[in-house]
Amino acid sequence: MERKAIAVFSTSRFRLTLTKPFMFFSIILLLKSYLAWMVIFDDVLPWRPLITEIPFIWLLFSLIEWFASKRKMAIYMAVNLLLTGIFFAAIMYYKYYGVIVTYHALEQVNQVTAVSNSVFSLMDPYYLLIFTDIIVLFILLRRSDRVKKWKARHAHREKRMLTSVVFVLSLMICLFQIMPNRASMNEIIKAQEMGILNYEAYTIFQQENTELVDAKTINQEAIHALKGISDPEEPQLAGVAKGKNLIIIQMESFQEFLIGLELDGQEITPNMNKLARESLYFPNFYQNVGQGNTSDAEFVVNTSFYIPPRGAATQHYADKALPSLPKLLKAEGYDTATFHTNVVEFWNRGELYKALGFDRYYDKSFFGEEDKLFFGASDDVLYEKTAPELKSMAHSGNPFYAQVISMSAHHPYTIPEYKHRMLLPERYEGTFVGEYIRAQNYADDALGQFIEQLKADGIWDNSLIVVYGDHLGLPIYSLNNKDKELMHEIFGRDYDSADMINIPLMIHSSGIEPDVLEQVGGQIDLLPTIANLMGVSMEGHLYFGQDLLNHGEENLLPERYYLPSGTFINSSTLYIPGIGFEDGEAKPLPHSDASAVKATENEFERALELLHLSDSYVKQLPSHNQ
């Protein structure tokens, strides 16, 4: 009888302990941390979230027990909501960008809101389970007498001595996980080693103490040395397009694997395929964008500078007097304009265009909302209204530079049925990959009509045409198992990180013989390549890319944002760092022989130095308003 009484007492004591807010909300948040970890990290060991996330949670809960004399349950609920929001934001941000969200993302709240359809299209319904307890508790605390009694019973503070011990031990464990991992290059690994909550706290208190290099000491010779290149005495194709118009067409989310792709005998991008056959075609070309995506591509292509360490170039560099392609061509008597159907305020483009020196821009106010897709008028409208403007510019007596930015094939790629130009195979219907392919098929069709109009207007033959993808369209971390199977069908192997950031480049002009050029290149290289073809001097203009036609097979391309810091591409390899260089991973590029994979620590250090020099130089440029 005595043993039974002891057992009953022990059981009751255990149940009482579990129902205390401290333990109750600890268990709930631990379950939520497991959900976040399963989405974000590979090979999650069962004990890792327990030892990384719970100490931080207990730090906050100890403070509640110390200081909350009133409304303790409300404060627990508020902290639960805050930490739940962090876990949910980490999940959704990773699914969209492939990186761990930090408080810096608050700078982009307006932009993220604008692409909410894209973000939430990536959400599996079970992610919403993370909010279930909050809704249920809120209802029960208002309506259930039993729950109200539970709230009243636990309104008192816990013993201060016990709370102090828990706080000190939790703080020691948090510091033990944060301090050794501060130097890790790979943000994903850093967050996994520290714990998501510790990592978020660390980024708030982290001091940015990177010392800028004096801009006066940064020169082209030093940049070329870091890249391992030198200028030839007689550049190939120099001035072959001198005096011609320049038309740059930036294709939304267009990846390289679409070129030549057929599904059950259907050619997906016949117009881009034809253009590739008739142009200088670079299949081994890569994006250099960050969080600003399309706007970052505009920045990089027009400046040959790298994006900033965090955030979008338009938000950190748009106040600078940027050396740029529009300014180089204006000095040669060119009229310059950029065309985009979205509002110019999106990603602060109005300020970017001032900084780049475009004579004018055409945005939603010009294109209207006719045939609207996603953020603005469709590609059909973009090209239909742009073509007459280019014809007018061509008749002005001066050559022109026009950048035309497509948008209809934007994530999540759910174009309306009346825009469908192909019949998807049944196995692709209703899939993310299928929607992407169908949207790009439509974008290709609209581009083909634009090309025909430029030819009819006599502009095509008197222009240098540059066409490239602005950024990836199918992030690996956004694909479900069915999508991965379809990508395996397309590639004949697993879809990988290098495939993800691989975009096509085509350069077309009369006088340039079509060819397939296998050398590695990136968006950073377009400005010097175009300048050479157009016979425009780069004297006094610092740039971080290289002329793809005159610098052989070698290239060194640092990457930012969609892959961990320290990632770089060389002539055969995509290298992704771990904690440092030694535990990183080297992967073959899509068009490279796997046996040629090689990445050195020297390349790793030079890639980081290139980024540092670019950051230092741009940050010290004067304001364009001065």
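Numbering follows our numbering, with no gaps: position 614 of the sequence shown is 614. Note that beta-carbon positions come from the ideal geometry of N, C-alpha and C, so glycine has one too.
Buried or exposed: where does residue i fall if 16 or more other Cβ atoms within 10 Å of its Cβ makes it buried?
i	result
residue 47	exposed
residue 13	In this prediction, residue 13 has a pLDDT of 44, which is less than 50 and means its spatial position is unreliable; what the coordinates show is noted afterwards. The residue is exposed, with fewer than 16 neighbouring Cβ atoms inside 10 Å.
residue 602	exposed
residue 82	exposed
residue 100	buried
residue 180	exposed
residue 353	buried
residue 175	exposed
residue 516	exposed
residue 613	buried
residue 520	buried
residue 206	exposed
residue 76	buried
residue 161	exposed
residue 138	exposed
residue 473	buried
residue 376	buried
residue 316	buried
residue 566	buried
residue 251	buried
residue 258	buried
residue 234	exposed
residue 51	exposed
Check this for me: beta carbons of residue i and residue j, under 7 angstroms apart or not?
i	j	result
residue 423	residue 438	no
residue 271	residue 260	no
residue 287	residue 471	yes
residue 547	residue 564	no
residue 88	residue 130	yes
residue 596	residue 575	no
residue 524	residue 545	yes
residue 468	residue 401	no
residue 342	residue 591	no
residue 255	residue 459	no
residue 506	residue 476	no
residue 432	residue 483	yes
residue 446	residue 361	no
residue 248	residue 403	yes
residue 28	residue 133	yes
Sort out for me which residues DSSP pairs residue i with in a bridge.
i	result
residue 280	507 and 515
residue 262	267
residue 360	337
residue 558	568
residue 403	248 and 338
residue 585	576
residue 377	372
residue 39	None, per the DSSP bridge assignment.
residue 286	502 and 522
residue 320	623
For residue i, which residues in the same chain have their Cβ closer than 7 angstroms to its Cβ, ignoring the five residues on either side in sequence?
i	result
residue 358	326, 336, 337 and 338
residue 580	185
residue 38	44
residue 199	100, 190 and 191
residue 606	226 and 556
I'd like the list of long-range same chain contacts for residue i, defined as Cβ closer than 6 angstroms, with 5 residues on each side in sequence excluded.
i	result
residue 620	215
residue 413	435, 436 and 439
residue 509	241 and 464
residue 562	98
residue 526	301
residue 585	576
residue 551	229
residue 522	286, 288 and 557
residue 453	387
residue 588	594 and 597
For residue i and chain C, any beta-carbon pair shorter than 7 angstroms?
i	result
residue 378	No chain C is part of this structure, which consists of one protein chain only.
With hydrogens ignored, establish whether the beta-carbon of residue i is closer than 6 angstroms to any heavy atom of the ligand SAM.
i	result
residue 431	Ligands displayed in this structure: none; no statement on the ligand SAM is therefore possible.
So, for residue i: in the same chain, excluding its five sequence neighbours on each side, which residues have a beta-carbon less than 8 angstroms away from its beta-carbon?
i	result
residue 610	223, 226, 227, 306, 544, 556 and 558
Checklist entry - Of all the alpha helix (DSSP H) runs that stay within the bounds of the segment 399-476, which reach a length of 4 or more residues? => result 432-456
Checklist entry - Whole alpha helix (DSSP H) runs in the segment 186-244 with 4 or more residues, listed along the chain? => result 187-194, 196-205 and 220-227
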